[in-house]
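Participant: Counting along the sequence shown from 1, when you hit position 57 you're at 57 in the UniProt record's numbering, and nothing is skipped either side. We treat Cβ as the ideally placed atom computed from N, Cα and C, and that holds for glycine. Please read all numbers here as calculations on a predicted model, not as lab measurements.
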Amino acid sequence: MEDTFFHCEISAMNGESKFCATSLESMLEWAQEILGFDTKLGVYTTDFLKKSPVSLQNYTILQKPKEILVPKLVACHTLPYPYAVFYYICKRGRIVIQDFTFGVLKVQPGSSPVCHFFPADNLVWVPSSSM
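As structure tokens, then:
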């Protein structure tokens, strides 16, 4: 629970907005507020071939990842808590990954695609016209 409080209380990074929703209704309202109330929403999720009890595992990519070219997207991560808490991050423009990630991967920003894996219960909201 301490980690959940940390994520919900820490300041947003430059170029992003964040929000912790405690219901499905507030989750959808915030996605609509960020992407536009007149925007029809589409959602991306991660599909797994089988459920694994292991939290850290190797992945095999079966399809070429799809680059999502949108001016804004809303990433929704579930957080552990006695009731539902959804941690939202809205990225504006190209997704900015912290410098430390590029250092670990030994690449420069923009020189190579970087994938972000989402657990099965996480969502990425985008305008449906981009799907």
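1. Quick check: the region 17-29 against the region 83-90, are at least 3 beta-carbon pairs closer than 8 angstroms?
2. List in chain order: all unbroken beta strand (DSSP E) runs of 3+ residues lying wholly within the UniProt domain "BURP" (1-131).
3. Beta-carbon within less than 6 angstroms of S130's beta-carbon, same chain only, minus the 5 sequence neighbours each way: which residues are those?
4. Hey, is the region 36-49 in contact with the region 115-124, meaning 3+ C-beta pairs nearer than 8 angstroms?
Facilitator: In short, the structure shows the following:
1. With the cut-off at 8 angstroms, the region 83-90 and the region 17-29 touch.
2. 16-21, 41-44, 72-79, 85-92, 123-127
3. In the sequence shown, the residue the question calls residue 130 occupies position 130. V70, listed in sequence order.
4. With three or more CB-CB distances shorter than 8 angstroms, the region 36-49 counts as touching the region 115-124.
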